[in-house]
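Asks:
Numbering (our numbering), first residue to last: 495 to 656.
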């Protein structure tokens, strides 16, 4: 295996992605309603409103980030992506001494604001931690242990760590 692609799910873009999906849905609803109902609004205005919602929705829905590992060339890239534009530079991968799986459990408590429901509970995050020169080099977060174990094995195989 030459590559490993980690998609960051906790990068702070979940809210904007959901908002983008709402914009996409509302743009489609505006288009559909203009065909179903005989509206007195000018078609240009309908096209601008629907088109604007679709464009903004496409941009927000496409936000993501992650880390790409190239084991063959011993390099990695932390990237951010909007639509098809990707930013991030390839960097040399240091000599990784070990790769560990760490379970991190904590209790969440959200302050009620009167609008959104308050969710409290125990959360466990599974971290694949890479250690280089006796210090933590990089940690990848996973919400499911099964996914973290798969990633751990792929990284160990790619880096030839026993």
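Yeah, the Cβ is synthetic: ideal placement off N, Cα and C, and Gly gets one too.
1) When you compare only the Cα positions, how much space is there between residue 538 and residue 526?
2) Could you pull out every residue in the same chain whose Cβ sits closer than 7 Å to the Cβ of residue 528, ignoring the five residues on either side in sequence?
3) By DSSP, does residue 641 sit in helix, in strand, or in coil?
4) So, helix, strand or coil for residue 498, using DSSP?
5) Sorted by chain position, which residues of the same chain lie with C-beta nearer than 6 Å to residue 579's C-beta, five sequence neighbours on each side aside?
6) Which residue spans inside the segment 565-621 form an unbroken beta strand (DSSP E) run of at least 3?
7) Which one of 635, 499, 640 has the shortest CA to CA distance from residue 598?
8) Go through its chain and collect everything with a Cβ distance to residue 520's Cβ below 6 Å, but skip five positions before and after it.
9) Can you round the beta-carbon distance between residue 575 and residue 559 to whole angstroms, since I take them to be within the 8 Å contact cut?
10) Go ahead and pull the three-state DSSP assignment for residue 533.
11) Mind checking if residue 626 is an interface residue toward chain D, Cβ cutoff 8 Å exclusive?
12) Verify whether the separation of the beta carbon atoms of residue 593 and residue 624 is less than 8 Å.
13) Could you name the residues that DSSP lists as bridge partners for residue 558?
14) Using beta-carbon positions only, say whether residue 518 and residue 552 come within less than 8 Å of one another.
15) Please look up how many angstroms separate the CB atoms of residue 554 and residue 513, rounded, as I've assumed it's under 8 Å.
16) Using C-beta distances below 7 Å, list every residue in its chain close to residue 626, excluding the 5 sequence neighbours before and after it, in chain order.
Replies: By the coordinates alone:
1) Sequence index remark: in the chain shown, residue 538 carries index 44 (1-based). Sequence index remark: in the chain shown, residue 526 carries index 32 (1-based). Answer to the nearest angstrom: the Cα atoms are 15 Å apart.
2) In the chain shown, the residue the question calls residue 528 occupies position 34. These residues qualify, in order along the chain: 540.
3) Residue 641 sits at position 147 when you count from the first residue of the chain shown. Correct three-state label for residue 641: helix.
4) Working through the chain shown from its first residue, we reach residue 498 at position 4. Note: residue 498 maps to strand in three-state DSSP.
5) On the chain shown, residue 579 is found 85 positions in, with the first residue counted as 1. Within the same chain, residue 579 has no close Cβ partners at all.
6) 569-576, 579-581, 584-586, 592-603
7) Counting from one through the chain shown, the residue named residue 598 turns up at place 104. Ranking the options by Cα distance to residue 598, first place goes to 635.
8) Taking the first residue of the chain shown as position 1, residue 520 is located at position 26. Here the set comprises 547.
9) Numbered from its first residue, the chain shown carries residue 575 at position 81. Numbered from its first residue, the chain shown carries residue 559 at position 65. The Cβ separation is near 7 Å, so the contact holds.
10) As a first step, residue 533 must be located in the chain shown, where it is residue number 39. In this structure, residue 533 counts as coil in the three-state DSSP scheme.
11) Of the protein chains in the structure, only one exists, and it is not chain D.
12) Sequence index remark: in the chain shown, residue 593 carries index 99 (1-based). Sequence index remark: in the chain shown, residue 624 carries index 130 (1-based). Closer than 8 Å, so yes.
13) As a working mapping, residue 558 is identified with position 64 in the chain shown. According to DSSP, residue 558 bridges with 575.
14) Position 24 of the chain shown holds residue 518. Position 58 of the chain shown holds residue 552. The answer is yes: Cβ separation under 8 Å.
15) Within the chain shown, the letter at position 60 stands for residue 554. Within the chain shown, the letter at position 19 stands for residue 513. Their Cβ separation, rounded to whole angstroms, is 6 Å, which keeps residue 554 and residue 513 in contact under 8 Å.
16) Counting from one through the chain shown, the residue named residue 626 turns up at place 132. Contacts found: 588, 589, 590, 591.
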